[in-house]
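In the numbering used here, the protein residues as written are 7 to 227. Cβ atoms here follow ideal geometry from the backbone N, Cα and C, with glycine treated the same way.
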Amino acid sequence: MDVKTGFFYLFSLVLLFAAFRVITARNPVHAVLYLILAFSQASAIWLLLQAEFLAIVLVLVYLGAVLVLFLFVVMMLDVDVEGLRQGFWKHFPLAGAIGVLIALEMAAVLMGGFRATDESRNLAGAAAQAGAQVSNTKALGILLYTEYLYPVQVAACILLVAMIAAIALTLRGRKDTRGVRAEDQVRVRSADRVALVKVDPTRPAPPPPPAPAAAAEEKKT
C-alpha cells in the first residue's frame with residue numbers, strides 16, 4: 007500500500023466517524039462542528055482524486071460560508087433538543103428504510119463502476135493522458151461557459167431573484183429613521199445646500215444689555 011492509498015483510508019475513516027457523530031451528537035453545536043470536520047475530510051479526498059476545483063469549492067462555499075452561518079444560527083437560537091427528540095423512535099423505521107434504500111442504490115452504482123472491463127480502463131487511461139495538458143478547473147470552466155452557458159445563466163438569475171426576495175422579506179422599515187428619496191438627491195443643486203451670506207466686517211458691535219439693577223432704577227425715575 008502506497009502513501010496515497012494510506013491517506014485515502016485515513017481521510018475516509020475520519021469522514022465516516024464525523025458523519026456518524028453528526029447524527030448522534032446530542033449538542034447541535036457539536037453536530038455542526040463534526041459536519042465541518044466531515045466536509046474538510048471530503049475536500050481532502052477530492053484533492054487525492056485530482057479534483058482540486060471541487061475541493062476548493064467545498065472549502066470556500068460550505069466550510070467558509072454555509073456551515074459557519076449554521077454554527078452562528080444554532081448558537082444564537084434556543085433549540086429545544088429534548089422536544090425534537092420526542093418523535094425520534096416513532097419515525098425511525100421509515101427513516102431507516104429510506105437510508106437502507108439509498109445505500110443499496112449507491113452500492114449498485116459504485117459496484118457497476120468497479121466492474122469496468124480492461125478495455126474501458128484502457129480508454130479511461132488514454133483519456134486521462136490526453137487531458138493531462140489541461141487542468142481540471144480549466145476544463146470545467148470551458149465546459150460550463152460553452153456547452154452549459156444558458157443553464158449557468160438561468161441558475162445565476164434564480165439565485166439573484168432568491169437573494170432579492172430574501173432581502174425584501176426580511177427588510178423592515180423603522181419608524182424612528184428618516185428615509186431619503188434617491189430622486190431628490192439626484193435633482194439637488196448647490197444653491198439648495200449652501201447659502202452665501204455677505205457680512206459687513208466693520209459693523210459696530212451692539213451695545214451690551216443693561217444690568218438688572220440699572221434697569222430697575224431707570225424705570226423708577
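query	result
Backbone CA spacing between Ala24 and Ile62 [nearest angstrom]	20 Å
Unbroken alpha helix (DSSP H) run spanning Asp198, endpoints	Ser196 to Arg199
Completely contained alpha helix (DSSP H) runs for the stretch 47 to 82, where each covers 4 or more residues	58 to 63 and 73 to 82
Proximity below 8 Å, CB of Asn142 to CB of Phe14	no
Nearest-angstrom Cα separation, counted from Ser196 out to Val205	21 Å
Meets three-Cβ-pair contact criterion under 8 Å: the stretch 22 to 39 and the stretch 69 to 84	yes
CB contact flag (Gln47, Leu21, <8 Å)	yes
Backbone secondary structure at Gly105 - three-state DSSP	helix
Buried or exposed by the 16-neighbour rule on C-beta atoms within 10 Å, applied to Ala101	exposed
Status (buried if at least 16 other CB within 10 Å, exposed otherwise) for Leu64	buried
Nearest candidate by alpha-carbon position, reference His32, set Lys10, Leu43 and Phe94	Here the sequence assigns Arg to residue 32, which means His is not the residue at that position. Of the listed residues, the one whose Cα sits closest to Arg32 is Phe94.
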